[in-house]
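A quick write-up on the structure given underneath.
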Amino acid sequence: MEQDFVVGVDIGGQTTKIGMVDRKGTVISEPRIIRSDKHTDEFLFFDELSEAIDKLAAETNTAGKIKGVGIGAPNGNYYDGTIVHAPNLTWGGRKTIKVAEILSEKLGLPVTLTNDANAAAVGEMTYGSAIGMKNFIMITLGTGVGSGIVINGQVVYGHDGFAGELGHTTAVRYNGRLCNCGRIGCLEAYASAIGLARTAREFVEANVDRDEFNQRSPLREISEPVTSKEVYLAALQGDGLAKKVFDYTGRKLGESLADFVAFSAPQAIILFGGLAKAGDFIIKPAEQAMNEQMLSIWKDKVPLILSILPESDAAILGASALAW
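Numbered according to our numbering, the sequence shown spans residues 18 to 341.
Written out as structure tokens, the structure is:
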């Protein structure tokens, strides 16, 4: 029987999304969502996941036509199909979990796993903005900063499977912020949605340009800790302080992107994630700072491109691309 379908699974800290994908890159049904955080035992979680996949196959009439399963997951290792020390997963903890082996045994299908940002890079090559590209960098701007590096058409995994953690390169070397990883000054602490919100709070508390961006700034009127969404909405209203927060965030991102270009000479850098949807608010300062800091041989030659994959399906498509 022709195997014309694959399953894409995006494992997150709170929810896991599951979709059936055909060879054209179409998610053929509404994605299934199960809770990732209601189990503390990984075996109970994978029992529920395998049942959800079997049910999806039955509902889409694809049982027996599935080539394999692709999974994107935090701290996922492509080489051995494990999740290693994933603190944001309630069943992850400080241990190594043989995800591909467990799920393959339950489903009777090949299972391929990598980290979520690498899965996004594979998805862009297969279905998205990077079709035809052999060298590019994928940057995911969400709660954290993820990255997938593609050189000569291959995702860079390194000798242990964990290469390419660009979000945990140092953006501020002295007096930098504490990152969730435990290091100081990581790019993720500045260019993520959490980092943007932190910048906004710091700017408000420090009364940055209070005379220019007066007390009626929407950001100054928020009683609860400001969020990245609120900064974006304020910027849309023309608030100068919110725009300054985006400018600072974009410049930190762009300075780091100039360093990333130097080691892989990509055709393009592709941006994806909730923060990337802020568009020119973050892309323009990032592009300007990147080119200011860029070695002359690459200046103005590496475009920043937004992903064209639909946000609702992107994680599933990226994961599914691993299974073909």
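Where a beta carbon is used, it is the ideal one built from N, C-alpha and C, also for glycine.
For ASN132, the enclosing beta strand (DSSP E) covers residues 128 to 132. In the assembly as shown, TYR96 is an exposed residue. Its beta-carbon has fewer than 16 other beta-carbons within 10 Å.
Per DSSP, LYS84 is one residue of the beta strand (DSSP E) stretching across 83 to 90. For SER324, the three-state secondary structure derived from DSSP is coil.
Within the same chain, ILE35, ILE88 and ALA336 come within 6 Å of VAL26 by CB-CB distance, once the 5 residues on both sides are set aside.
Taken in chain order, the unbroken stretches of alpha helix (DSSP H) that lie wholly in the region 149 to 208 and span 4 residues or more are 205 to 208. Excluding the 5 residues flanking it on each side, VAL173 has same chain C-beta neighbours closer than 6 Å at ILE166, ALA180 and GLY181, in chain order. The Cβ atoms of ASP317 and VAL44 lie no closer than 8 Å to each other. Annotated three-state conformation of LEU106 is coil, per DSSP. In this structure, the straight-line span from the alpha carbon of HIS176 to that of ARG237 is close to 48 Å.
With contacts defined as CB atoms closer than 8 Å, GLU205 and VAL162 qualify as a contacting pair. Counting C-beta pairs with one atom in each stretch, the region 62 to 69 and the region 116 to 130 have three or more that are closer than 8 Å, which means they touch. Residue pairing of ILE287 in beta bridges, as defined by DSSP: MET155 and ILE322. With contacts defined as CB atoms closer than 8 Å, ASP54 and THR99 fail to qualify as a contacting pair.
Residue pairing by DSSP places GLY25 opposite GLY36 and GLY87 in a beta bridge. A straight line joining the alpha-carbon of GLU247 with that of TYR144 spans about 32 Å. Under the Cβ criterion (8 Å, minimum of three pairs), the region 138 to 155 does not count as touching the region 68 to 86. Per DSSP, the beta bridge partners of ILE50 are LYS34. Secondary structure at ILE239: coil, using DSSP grouped into helix, strand and coil.
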